[in-house]
Structure formats: C-alpha cells, structure tokens
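Colleague: Residues 143 to 315 in this note's numbering are what the sequence shown spells out, letter by letter.
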Amino acid sequence: MGILNRFRVEEPQDLDAIYKVQVAAFERETEADLVNDLRGSEDCLCSVVAESNGEIVGHCLYTKVNVVSEKGSFSAAALGPVAVIPDLQGEKLGTMLIITATNMVIQKGYPILFVLGDKEYYHRFGYSDASLFGFSLPYVTPPGAFMVAALNPKNLKGKSGVVHYVKAFDVFK
Ligand SMILES: CC(C)(COP(=O)(O)OP(=O)(O)OC[C@H]1O[C@@H](n2cnc3c(N)ncnc32)[C@H](O)[C@@H]1OP(=O)(O)O)[C@@H](O)C(=O)NCCC(=O)NCCS
Numbered sequence: 143m144g145i146l147n148r149f150r151v152e153e154p155q156d157l158d159a160i161y162k163v164q165v166a167a168f169e170r171e172t173e174a175d176l177v178n179d180l181r182g183s184e185d186c187l188c189s190v191v192a193e194s195n196g197e198i199v200g201h202c203l204y205t206k207v208n209v210v211s212e213k214g215s216f217s218a219a220a221l222g223p224v225a226v227i228p229d230l231q232g233e234k235l236g237t238m239l240i241i242t243a244t245n246m247v248i249q250k251g252y253p254i255l256f257v258l259g260d261k262e263y264y265h266r267f268g269y270s271d272a273s274l275f276g277f278s279l280p281y282v283t284p285p286g287a288f289m290v291a292a293l294n295p296k297n298l299k300g301k302s303g304v305v306h307y308v309k310a311f312d313v314f315k
C-alpha cells in the first residue's frame, strides 16, 4: 500500500515530535531549541509539519525579519530552520514542506522572502543571491548563501537593506 504524506500547520500535540525531527536532522539541539523559543511569538509567521504514515517526519518555519535602510524599513519573511528526518531525506518531503510554508506566508501578505542556506538547494524554489538585489545580513556569510525570493519582481523594486532576524537567531552569530 502506498503511503500518503500530509503537509499542515503544526498543532499543540506535535511539539515533542518536531523537537525530535529537528535534532535528528541537524544532529544537535540548537535548531530544535530555537524552534521552541520562537513558538507562540508573533514573529513566527508559520510552522509547518510533514506527516508520513501518521508520524511527524519534517518541519519548517518562516519568521518575520526587519529590513532596514536609509530609506526606511519594511517587514519580510525568512525561511528556516528546515528539517527532514535522515531516513526520509531525498524523497521530496523537504520540497513539499517548503512549497507549503511558502504559499502560506505569501497568503499572509509577505511577498518578499529570505533564506540563509545552500544555494544549490534553494535556487529551485526561486531564491537567488540577495546581495545582487542590495540585501545583506549584519554579519558575514559564505558568498551566495543569503538569498531572496519575491512573488513578483516588482516587489523588489526600490527595495534594499540590511536584514535583521529576530533575536532568537543570535545563537548562530
Ligand atoms: C535540507 C533538507 C531539509 C532537504 O529535505 P529533503 O526532503 O531531503 O529534500 P528533497 O527530497 O525535497 O530534495 C532533494 C534534493 O535536495 C538536495 N539536497 C538535500 N539537502 C541538501 C543540502 N543540505 N544541500 C544541498 N542540496 C541538498 C538533494 O541532493 C536533492 O537534489 P536533487 O533533487 O537534485 O536530486 C533535509 O535534507 C535535511 O533535513 N537536512 C539536514 C538539515 C539541513 O541541512 N537543513 C537545511 C539547512 S539550510
């Protein structure tokens, strides 16, 4: 029998399973603890799980970021952390999680999105080098690792600035 996967917003009973998924994927507690810190905050824009055979096997978040320049500031959304349990990696669960969460955050009114991660992976979702559009982080990152995506190129017109994640992400500085 084939198994269907479901991608949905996290529910209160998922919290332990989400913690375990994040630890399993990253082989440490940092990302799992970060997810717990962000949960319930108004800066957590959406938290999505992948369910397979009744088990939580993947999880990702979008959080609010503040983009600041001399022209002023605006809010956008940043993807991460994204996690799929090692046994099921490479089966497109990560792809479906990201597409689901991205649709949700766009529906919530965030047409400009950022991610810090592997460019080979995130290019397929429409992300490209944020520095080419005048966006940066307040700290140094590997070339091309900080990326931006927009619902429409017009959304980026006249926009640039330094992108500030919420304080909980300082654990990565
Ligand atoms: C990254 C991750 C969420 C992707 O989920 P997934 O379900 O394994 O990915 P998918 O099956 O949707 O996509 C598979 C594709 O992504 C590529 N890929 C997976 N992880 C990658 C990574 N870390 N870097 C680059 N490419 C990656 C695979 O090579 C594969 O490429 P292909 O489609 O050209 O064959 C998952 O592998 C994971 O949890 N990794 C550990 C935690 C992590 O690194 N998270 C991301 C931090 S930025």
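Each residue gets a CB set at the ideal place from its N, CA and C atoms; glycine is no exception.
Which residues share a DSSP beta bridge with G214?
Modeller: S211, per the DSSP bridge assignment.
Colleague: Look at the Cβ atom of V315, then the Cβ atom of Y281, and state whether they are nearer than 8 Å.
Modeller: In the sequence as displayed, the identity of residue 315 is Lys instead of Val. Result yes, Cβ atoms of K315 and Y281 sit closer than 8 Å.
Colleague: Which one or two residues does DSSP pair with I198 in a beta bridge?
Modeller: DSSP output for I198 lists E193 as bridge partner(s).
Colleague: Would you say the beta carbon of P223 comes nearer than 7 Å to a heavy atom of ligand 1?
Modeller: Yes, ligand 1 has a heavy atom inside 7 Å of this Cβ.
Colleague: Does the distance between the C-beta of V226 and the nearest non-hydrogen atom of ligand 1 fall short of 7 Å?
Modeller: The answer is yes for V226.
Colleague: Could you tell me the boundaries of the alpha helix (DSSP H) in which G236 lies?
Modeller: Element bounds for G236: L235 to Q249.
Colleague: Since I believe V190 is in contact with E152 (beta carbons under 8 Å), could you give me their beta-carbon distance rounded to a whole number of angstroms?
Modeller: With a Cβ gap of about 7 Å, E152 and V190 count as contacting.
Colleague: Could you tell me which residues DSSP pairs with I254 in its beta bridges?
Modeller: DSSP, once it has assigned bridges, lists A292 as partnering I254.
Colleague: Rounded to whole angstroms, what's the CA-CA distance from A174 to V165? Just pull it up for me.
Modeller: Between A174 and V165, the C-alpha separation is close to 6 Å.
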